[in-house]
Amino acid sequence: MNAWVVAIAVMIVAGLVYSYWRQVSYSIVVSVSCGLAFVMLLVSSDSYRVVSSSTMEGLQFMPGDLVDPARVYTVVTSMFAHVSFFHLFFNILGLAFIGTIFEERIGSRPFIILYLLTGLVGTLTFAAVRWNDPYVAVVGASGAISGVLGAFARLYPNERMSMILFLFPLPAMPIWVIVGIFVLIQFVFVSGEANVAVEAHLGGLLAGILLAPIIVKAPLHKRVKRMVSLSALKKLATTPELKAM
Numbered sequence: 006m007n008a009w010v011v012a013i014a015v016m017i018v019a020g021l022v023y024s025y026w027r028q029v030s031y032s033i034v035v036s037v038s039c040g041l042a043f044v045m046l047l048v049s050s051d052s053y054r055v056v057s058s059s060t061m062e063g064l065q066f067m068p069g070d071l072v073d074p075a076r077v078y079t080v081v082t083s084m085f086a087h088v089s090f091f092h093l094f095f096n097i098l099g100l101a102f103i104g105t106i107f108e109e110r111i112g113s114r115p116f117i118i119l120y121l122l123t124g125l126v127g128t129l130t131f132a133a134v135r136w137n138d139p140y141v142a143v144v145g146a147s148g149a150i151s152g153v154l155g156a157f158a159r160l161y162p163n164e165r166m167s168m169i170l171f172l173f174p175l176p177a178m179p180i181w182v183i184v185g186i187f188v189l190i191q192f193v194f195v196s197g198e199a200n201v202a203v204e205a206h207l208g209g210l211l212a213g214i215l216l217a218p219i220i221v222k223a224p225l226h227k228r229v230k231r232m233v234s235l236s237a238l239k240k241l242a243t244t245p246e247l248k249a250m
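So for the sequence shown, the working numbering puts the first residue at 6; every next one is plus one.
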């Protein structure tokens, strides 16, 4: 484990402890952590190629890591590593808008638990499906963000959101419909792409749906109309403003 991997791991843990202890928005903390991790990945790479850097190799998760005590930590660090600026950018958009909205409703501590558990389940789902290919790697916050989406839909299924799909605006619809579209996109558009961990997305989503009522006692809130985007990475949401219904 090189010094950069250690530094990133310490940053991840410090952000988690700080957010949980002080109840500071974890959506913001994890976004900053992912951004700093990406910068550190760039700086630590001789050619500024994040994917091929030794630091990335130290952060990414592979199914075989589950039976290697020296690398089991990657089930967590992989959620904070991203292979490109756009990979990072769209995940941060999801955290900044869906994550912060949901976190405001349920509180920072339940959100932290849900985020990490669903991300972990997403990673383990990837490992289970790809077990016969122990050296295929996965990184990114997508599994955890999918879990947040699933939890949001489970606790507030009738929350209405507007959505942009493939650059085309769609009318406001319940979030459970958006989840259905998200699942359809995973199977129809991205399941054949080697660089997209569909297993992690769906595993995280299902974990969010199942774990949300266990971890969170959802209070009653007014419904809010929002703008959600499933373009680009075909899965996450963004909005220019929030309008009370």
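Every residue gets a Cβ at the ideal spot worked out from N, C-alpha and C, and that includes glycine. Since we're looking at a predicted model, the values are computed, not measured.
If I follow the unbroken alpha helix (DSSP H) through residue 115, where does it start and stop?
Where residue 115 is concerned, the enclosing alpha helix (DSSP H) stretches over 113-134.
Excluding sequence positions up to five away, which residues of its chain have a Cβ less than 6 Å from the Cβ of residue 97?
Correct list, in chain order: 36.
One question on the structure: do residue 127 and residue 152 come within less than 8 Å of each other, judged by their Cβ atoms?
Their beta carbons are under 8 Å apart, which means residue 127 touches residue 152 by this criterion.
Kindly indicate the opening and closing residues of the alpha helix (DSSP H) around residue 218.
Note, residue 218: alpha helix (DSSP H), 203-220.
Leaving out five residues before and five after residue 220 in sequence, what residues of the same chain have Cβ atoms less than 7 Å from its Cβ?
So the qualifying residues of the chain are 115, 118, 119.
DSSP on residue 237, reduced to helix/strand/coil?
Because residue 237 sits at a pLDDT of 41, beneath the cut-off of 50, its placement in the model cannot be relied upon, and the following sentence gives the value as read from the coordinates. In this structure, residue 237 counts as coil in the three-state DSSP scheme.
Quick one: does the C-beta of residue 108 sit closer than 7 Å to a heavy atom of the ligand PLP?
Inclusion of the ligand PLP in the displayed structure is not the case, the ligand content being empty and no account of it being possible.
Roughly how many angstroms separate the alpha carbons of residue 27 and residue 203, rounded to a whole number?
Roughly 34 Å separates the two Cα atoms.
In whole angstroms, what is the alpha-carbon distance linking residue 225 and residue 161?
A caution first: residue 225 carries a pLDDT of 44, below 50, which makes its placement in the model too unreliable to give a value.
Between residue 93 and residue 131, how many whole angstroms is the CB-CB distance? I'm expecting something under 8 Å.
Actually they do not touch by this definition, with Cβ atoms about 19 Å apart.
Quick one: what's got a C-beta closer than 8 Å to residue 34's C-beta in the same chain, skipping five residues either side?
Answer for residue 34: 20, 21, 23, 24, listed in chain order.
Considering just the uninterrupted stretch of the alpha helix (DSSP H) at residue 178, what are its terminal residues?
Where residue 178 is concerned, there is no enclosing alpha helix (DSSP H), although the beta strand (DSSP E) it sits in stretches over 173-179.
In this structure, does DSSP put residue 143 in helix, strand or coil?
Looking at residue 143 - three-state DSSP - the assignment turns out to be strand.
Between which two residues does the alpha helix (DSSP H) holding residue 193 run?
Per DSSP, residue 193 belongs to no alpha helix (DSSP H) and is neither H nor E.
Since I believe residue 121 is in contact with residue 86 (beta carbons under 8 Å), could you give me their beta-carbon distance rounded to a whole number of angstroms?
Not quite, the Cβ-Cβ distance comes to about 15 Å (not below 8 Å), so this is no contact.
Which one of 157, 18, 81 has the shortest CA to CA distance from residue 213?
The residue with the shortest Cα to Cα distance from residue 213 is 157.
Per DSSP, which one or two residues make a beta bridge with residue 107?
Beta-bridge pairing links residue 107 to no other residue.
Between residue 112 and residue 149, is the Cβ-Cβ spacing less than 8 Å?
In this structure, residue 149 does not lie closer than 8 Å to residue 112 by Cβ.
Which runs of the alpha helix (DSSP H), 4 residues or longer, sit entirely within the segment 42-101?
Correct list: 59-64, 79-82, 90-99.
If you count every other CB in all the chains shown that lies within 10 Å of the CB of residue 9, and 16 or more means buried, which is it?
With 16 or more Cβ atoms within 10 Å of its Cβ, residue 9 is classed as buried.
Could you please give the first and the last residue of the uninterrupted alpha helix (DSSP H) stretch that includes residue 24?
Where residue 24 is concerned, the enclosing alpha helix (DSSP H) stretches over 8-27.
Express the C-alpha separation of residue 136 and residue 2 in angstroms, rounding to a whole number.
Here the chain has residues from 6 to 250 only, and residue 2 is not among them.
Does the Cβ of residue 75 have 16 or more other Cβ atoms within 10 Å, making it buried, or fewer, making it exposed?
By the neighbour-count rule (16 or more Cβ atoms within 10 Å), residue 75 is not buried but exposed.
Assuming the contact rule is C-beta atoms closer than 8 Å, residue 12 and residue 82 should be a hit. Round their C-beta distance to whole Å, please.
So it is not a contact: roughly 11 Å between Cβ atoms.
With the cut-off set at 8 Å, would you say residue 79 and residue 100 are in Cβ contact?
Against a cut-off of 8 Å, the Cβ pair of residue 100 and residue 79 comes out as no contact.
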